[in-house]
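Peer 1:
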Amino acid sequence: MRYDIAIIGSGPAGLSAAINAKIRNKSLILFGNDNLSTKLTKAASIDNYLGFHEITGEDLKDKFIEHIDKMEISI
464 MRYDIAIIGS
474 GPAGLSAAIN
484 AKIRNKSLIL
494 FGNDNLSTKL
504 TKAASIDNYL
514 GFHEITGEDL
524 KDKFIEHIDK
534 MEISI
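Under the working numbering, the first residue of the sequence shown is numbered 464, with each subsequent residue one higher.
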């Protein structure tokens, strides 16, 4: 299968790129880790992510997964 966009990385930037590609009706393939980002999951507290403050990395990861699942984006 051919894709319009290949995205490497399942951290916040890669997921954001995937969401934007999906919104623009592009076919995409996302290469990454089902756990998204080890740096994210290890964070005890994240205070500088727009829209979320005082959230754990694990909770933010869960929100990311919920979002990409609703948009039918797979890694």
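Note that the Cβ used here is the ideal one computed from N, Cα and C, for glycine as well.
If Ser-479 and Gly-495 are in contact, beta carbons under 8 Å, what's the gap, nearest whole angstrom?
Peer 2: Position 16 of the sequence shown, counting from 1, holds the residue named residue 479. Position 32 of the sequence shown, counting from 1, holds the residue named residue 495. The Cβ separation is near 12 Å, so there is no contact.
Peer 1: Distance check for Met-464 and Asn-488, CA to CA, integer angstroms please.
Peer 2: Locating residue 488 in the sequence shown gives position 25, counting from the first residue. Locating residue 464 in the sequence shown gives position 1, counting from the first residue. Those two C-alpha atoms are separated by around 16 Å.
Peer 1: So what does DSSP say about Ile-536, is it helix, strand or coil?
Peer 2: Residue mapping note: residue 536 aligns to position 73 of the sequence shown, counting from 1. Here Ile-536 sits in coil by DSSP.
Peer 1: Count the other CB atoms, across all protein chains shown, that sit within 10 Å of the CB of Gly-520; report buried if there are 16 or more and exposed otherwise.
Peer 2: What you label residue 520 is simply residue 57 of the sequence shown in a count that begins at 1. Its Cβ being crowded by 16 or more others within 10 Å, Gly-520 is buried.
Peer 1: Where does the unbroken alpha helix (DSSP H) through Ala-481 begin, and where does it stop?
Peer 2: The residue given as residue 481 occupies position 18 in the sequence shown. Here the alpha helix (DSSP H) through Ala-481 covers 475-486.
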